[in-house]
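Trainee:
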Amino acid sequence: MPITLLWAVDVYGRVYSLSTAGQRWERADDRLLELKRVTAGKGRCWGIGCDHHVYLNMMPSETPIRYREETYENQRWNPVDGFTDTLLPTDRWPWSDVTGMNPQPLHSFQLPSHSWEWEGDWYVDQSCGGEPSQTGGWEYAVDFPANFSPDKKWNSCVRRRRWIRYRRYIAQGTWAKIPLDSPRKPPLPLCDISCGGWEMSDHSGRYPYLWGVSQQGQVWFREGIHPRVPEGSGWEEVEVPKEVAQLSAGPGDLLWGLLWDGNLLVRTGLSLDSPTGTSWIEVESPGKEVEALHVAVGASVVWVVTKDYKVWFRRGVNSHNPCGSGWISVGGEMMMVDVGLNDQVWAVGEDRGLYFRMGVTASEPSGNGWIPVSAQWGDNKEIIPPRDDCEFSGQLTEASQGSVLSCTDSESEVGPAEPQSSRNDTPVLEAADPSVVPLGGADTPTLPLETEDTHVTAQQNTPKPFIPASDSFINSLVSDRDKPSTPQPSITELPQEEGRDPSPAPILPSPEAVGQDHPWSNVDLEAQSAQMSGPTLGGSSAGATYDLGLESSQAVGEADGPVWAWISGGGCDVDSESHVSWLSPTGPLTSSLSLTPVQSAAWSEQQQPQENREETSKRPLERSNSVWVRKGSLRWWRDWKPQRWVDVGVALEQSTKADGKKDSIFFVYYSQYDEKKYLHVFINEVTVLVPVLRDCHYAFAVYTGQRTRQRWPLVLAAQTEKDMNDWLCLLSECCCECRGITGPPSRQALWSTTTKGDIMVHEPSFTLEAPSNTVACDHMFWRQVPGHLRCVESNSLGLVWGIGWDGTAWVYSGHCGQQPTPGDAVQMHQQADVRSVHVYENQRWNPMTGYTDKGLPTDRPMWSDESGLKECTKGNTHPPSPQWSWVSEWAVDYNVPGGTDKEGWQYAADFPTTFHGHKTMKDFVRRKRWTRKCKITLRGPWQQVPPIPLSDISLMPCLAQSRMDQVPLWAISDKGDVLCRLGVSPQNPAGSSWLHVGTDQPFKSVSIGGANQVWAIAKDGSVFYRGSVSPQNPAGECWYHIPSPQRQTLKQLSVGRTSVFAVDENSNLWYRQGLTPSYPQGSAWELISNNVTKVSVGPLDQVWTIADGVPGFPTETPGAVCHRLGVGPMQPKGQYWDYGIGGGWEHVTVRGNSAEAPRTPHPPLAGPPRSPLPPRPPTQANGTAVGV
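Okay, so the sequence shown: first residue is 9 according to the working numbering, each after it adds one.
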């Protein structure tokens, strides 16, 4: 780690530096130097003097700083004198710059300041264009201006040569005054400066930018700072909309300012090409009623201190979003903060001690606590602790007194007045060592506990002294007006040597001091007036005898360590992993504790014996708010046309408050036309995180309520599967944390699956079905459960079954509704699934060659998907995602709906129409489906139930308070057999064996509802009701045929407590009317909607569906979760639809949600209904029930 410096200024203007390799504060060599503020950068430190001039301290280095001055001597040839400096009136100057536009005679060059000296005299550059020349440095040309060359020709009428002189910067390691601008008016007086911007160039720190603020509120920018010109060349004013009080520039392109009204100002558009930026944006103060006092900026962080000394951290700040997104309160009471290298934070506490924010990393930029900067001071080895009070003794030096109280003109460089010129011996109160927790262990001296009575009386009558809190004279005058003036006992001085205990002298200001006028001093006039009117000490006289200590080298306030006013860590290269001695305090306060100045004062008030300190130090200190950040790089599917993948940076920022609550924001940073922009998503607004299939990328989609309504998710892709899973897990954990969701899904959860096979769960509230407090379907939060299934069914007893795409049955082993103990964690099993990928070979018939792959220009591609809209060949078709792998070769698929001929062809009159398996005279097109199997293997909380593959499954729904020894479970095998599972219970969710239920034809769907109602659909679309099903007779006795809706073929149904809904092959949703306990078959079918592919009816007769599409979004991928609203005892069909998450959803089940909700009339939504309902639903009459 390189050796760097930490800079600080005390309230008397003295400048100190602390090396990372040292242990002691070092005061600047110039003892007459008084600075108000400093700002450090790499290898340099700037400061503002009490004379309002700007000072610069360049760190010494082995490479000297040299600057080359050059000028050109120009001559013209004439027939009489040859080449001479007598030029034509239209020519350039005889001595000029390289352009010839500006005159530059040798005597016009002057040193810019006393910090430079000439290295030698002027000399001629003997090289021409970098090559040695024998012409004495002359370059010839036809005329001015033209291309010069060292070769003299017959037509060379003009010539020039370059003169060079070097000057060297000699003020390295010292504080040098920056010269005033000439001829432009300088921006004096300045009240604040800030150095930054070096990371916009080469990160070396050699090209920093300097910003300044004048006392009139103007903002200035220092031009021309260069490695060879460290002072810069001039000031440029930057327009601001309001008066600015303070500025802070980060090492990158961040610049924040503090306004006079307490709000904040952000500069945008900062770049290497535009170092002064383009525009300003105003940001409100963190506190609603408290104005900001100080702002500090880093590479990607912003810290603010308000006037109540509270510290705030700005979230979401970076080059794409310089304004950030919100404020986070951070523990500690500070007067100012500074952000240094690596975004490390330094601060001056309210007790005037120096503090460092520990735990600041790239992933946790707000850190986790404050520790004091515990460096040694002076010639002794005492450590400067944080101060809990600012008290003074009467010891001072006369020279330092003049330094503090002197007032010089802003343009003069005269030092403090001589001691003999003072009209009185006014004492300046000096800070004594406060009572704080010692950092040095048992070696720390303790204060005497007993004093003489006279001393006690004097201490009680001594008014509290004043320590300057600001470099502003007005602020110094009014800083203590709101504070009650209470007597403060003085503390005796610590013994300087062993066995020596000097008695402290009483403190009393002389009357003459009050009458003096010091308009720019750091002395509080009100405090001096209060001291003058106070009682005299000792009762003898108004005067006192003082030990002026003229032989001592310590100045005012130095005896017990400085009283700090400012700190700058811009040049101090430390981080959370650095091992710096003065950032590793020993003794009771360890670096693992979070320390604030208020807590420091509380510790110091505990007057406990030394043997009890260790026990006290183990008391936990309150953890302050913190911010945690995870950054990375992903690819983003751009929201606008032309849509394409764009490389973006992403960041997840999570803030933790003192009460443990967490709030997170997800940022996406991108560039458009070289302009930095960003998107942000509040984690508490995320509704689902789901993997998606996009161009064989490891992609996932982020939905919010707004993006769900717009049907436009935020799609991101990672480079590897691990990166995608890491981000999904991280985002999902944050989403669950902010909603208080932990552990496995509850028994009341809603389950669903996507067309990709992902399993999603929603934790419902008790008011999910309440008409007055219904949760909007697009605001429901779905979280992913590990595994891969085609469909899933559940009930309120915690039983969950699922079926894979290959027909394998699985049962959930994650203990629904129970919190797993450390010894009983969720059991993860290996799960595999196989599905088929299809492509279609298309052909058209022509009279010459018969069926051929030469189609019409308007035809679909000859190799396509089922819709014919996308070209898919065997070669360019891949598994659904990189997680899948091929397990077979391409083969003709003969199991196609509609049948095929012996070669696998299906025929039709044209594209697209219904295909059939035999050729007719009117069939001019045909197609063949090719299939290939792929396999995925993963781990999830699912246990396989062998050995029969299934196509449908149904668990009997029940109320939450129900108790059942065995839960009825019905299923359909992949061959169409109806099965009943025996022995299923919460203790044995997988059951024991299958019971075959006889049928005369294959079935494709089955559902069991309340009171053991079993309905099923045969493969030909016929509907059947199973009679006499009971716990004693779980398989029932016979099937009753129920007529289907006219000219419709049903494919799936769901039975609730008292209602039955069914879906046909044309996506129509039907409701069965007339169901009663005495006539459970019902009487007729009523059409509800024509936009449903799957339906699920819950134990409370609630209705949820998978909609085929969303009205108003024709290009949306089929499959959206939809909730039927207005369902009640008097309105079992419901009234209207609420569309939720969609675009690729395959299945949903609500059969586990049995939480009763109050039944009240649901207020109708404004506007037309969202479901395309027919004006008057037709009714299909029921026929006679026939036993089969």
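Even for Gly, the Cβ is constructed at its ideal location relative to N, Cα and C.
Between which two residues does the alpha helix (DSSP H) holding L736 run?
Mentor: Where L736 is concerned, the enclosing alpha helix (DSSP H) stretches over 729-747.
Trainee: What runs of the beta strand (DSSP E), each 3 residues or longer, lie entirely inside the segment 936-986?
Mentor: Those beta strand (DSSP E) runs which fall completely within the segment 936-986 and span 3+ residues are 950-953, 958-963, 977-981.
Trainee: Going by DSSP, name the residue or residues bridged to H61.
Mentor: DSSP, once it has assigned bridges, lists no residue as partnering H61.
Trainee: Under 8 Å between the Cβ atoms of R168 and E147?
Mentor: For R168 and E147, yes; Cβs fall inside 8 Å.
Trainee: Rounded to whole angstroms, how far is the Cβ of E777 from the Cβ of L1108, which I believe are closer than 8 Å?
Mentor: The Cβ separation is near 6 Å, so the contact holds.
Trainee: Rounded C-beta distance between I1016 and V1031? I'm assuming under 8 Å.
Mentor: Contact flag wrong, Cβ pair sits at about 15 Å.
Trainee: Taking just the CA atoms, how far does E251 sit from E299?
Mentor: Cα to Cα, the separation comes out at about 15 Å.
Trainee: Is the beta carbon of A1163 closer than 8 Å to that of P1272?
Mentor: This structure cannot speak to residue 1272, because the chain is shown only from 9 to 1196.
Trainee: To which residues does DSSP link V368 through a beta bridge?
Mentor: Paired residue(s): none; V368 is not in a bridge.
Trainee: Going by C-alpha distance, which of S740, A383, A707 is nearest Y1198?
Mentor: With the chain running from 9 to 1196 in the structure shown, residue 1198 is simply not present.
Trainee: What separation, rounded to the nearest whole angstrom, lies between the Cα atoms of S754 and L987?
Mentor: Cα to Cα, S754 sits roughly 28 Å from L987.
Trainee: When you compare the segment 881-889 with the segment 902-922, are there three or more beta-carbon pairs, one atom per stretch, that lie closer than 8 Å?
Mentor: Segments in contact, no.
Trainee: Helix, strand or coil, according to DSSP, for T1123 in the structure here?
Mentor: Three-state result, T1123: coil.
Trainee: Considering R168, what are the terminal residues of the beta strand (DSSP E) in which it resides?
Mentor: Per DSSP, R168 belongs to the beta strand (DSSP E) from 166-177.
Trainee: For D1028, which residues in the same chain have their Cβ closer than 8 Å to its Cβ, ignoring the five residues on either side in sequence?
Mentor: Only Q1009, T1057 meet the Cβ criterion.
Trainee: Should the segment 922-939 be called in touch with the segment 836-850, which here means at least 3 C-beta pairs below 8 Å?
Mentor: Because the criterion of three Cβ pairs below 8 Å is met, the segment 922-939 and the segment 836-850 touch.
Trainee: Report the rounded CA-to-CA distance for D918 versus D931, giving the unit in angstroms.
Mentor: Distance between the alpha carbons of D918 and D931: 7 Å.
Trainee: Does the beta-carbon of E139 have 16 or more other beta-carbons within 10 angstroms, so that it is buried, or is it exposed?
Mentor: Burial call: exposed.
Trainee: Going by DSSP in three states, H926 sits in which element: helix, strand or coil?
Mentor: It is coil, neither helix nor strand.
Trainee: Which residue or residues does DSSP assign as beta-bridge partners of E139?
Mentor: Looking at the DSSP assignment, E139 forms a beta bridge with C136.
Trainee: How many angstroms separate the CA atom of D200 from the CA atom of C742?
Mentor: Their backbone Cα atoms lie some 41 Å apart in a straight line.
Trainee: Quick check on the burial criterion: 16 or more other C-beta atoms within 10 angstroms. Buried or exposed for L119?
Mentor: So L119 counts as exposed.
Trainee: If you count every other CB in all the chains shown that lies within 10 Å of the CB of R52, and 16 or more means buried, which is it?
Mentor: So R52 ends up on the buried side.
Trainee: Taking only the alpha-carbon atoms, compute the straight-line gap between W103 and W268 and give it to the nearest angstrom.
Mentor: So the two alpha carbons sit approximately 50 Å from each other.
Trainee: V1071 and L1077: beta carbons closer than 8 Å?
Mentor: Going by C-beta atoms, V1071 is nearer than 8 Å to L1077.
Trainee: Look at L963 and V953 and say whether their C-beta atoms are less than 8 Å apart.
Mentor: Not in contact: L963 and V953 (Cβ atoms no closer than 8 Å).
Trainee: Checking the sheet assignment: what are the DSSP bridge partners for P380?
Mentor: DSSP, once it has assigned bridges, lists Y363 as partnering P380.
Trainee: Hey, how far is the Cα of G1136 from the Cα of G1142?
Mentor: For G1136 and G1142, the distance between alpha carbons rounds to 7 Å.
Trainee: The beta strand (DSSP E) with Q718 in it runs from where to where?
Mentor: It is not in any beta strand (DSSP E) - Q718 instead sits in the alpha helix (DSSP H) that spans 713-718.
Trainee: Check the C-beta distance from V305 over to A257 and give it rounded, since I have them as a contact under 8 Å.
Mentor: Contact flag correct, Cβ pair sits at about 6 Å.
Trainee: Within the same chain, show all residues whose beta-carbon is closer than 6 Å to that of W126, passing over the 5 residues directly before and after it, in chain order.
Mentor: These residues qualify, in order along the chain: R175.
Trainee: Using DSSP with H/G/I as helix, E/B as strand and the rest coil, what is G1018?
Mentor: Here G1018 sits in helix by DSSP.
Trainee: Nearest CA to the CA of L701: which residue from T762, P249, G999, E70?
Mentor: Out of T762, P249, G999, E70, T762 has the C-alpha closest to the C-alpha of L701.
Trainee: With three or more beta-carbon pairs closer than 8 Å as the criterion, would you say the segment 323-341 touches the segment 276-294?
Mentor: Yes, the segment 323-341 is in contact with the segment 276-294.
Trainee: Less than 8 Å separating the beta-carbons of W645 and A16?
Mentor: No; because the gap between Cβ atoms is not below 8 Å, this pair is not in contact.
Trainee: Quick check on DSSP: helix, strand or coil for C988?
Mentor: Reduced to three states, the DSSP call for C988 is strand.
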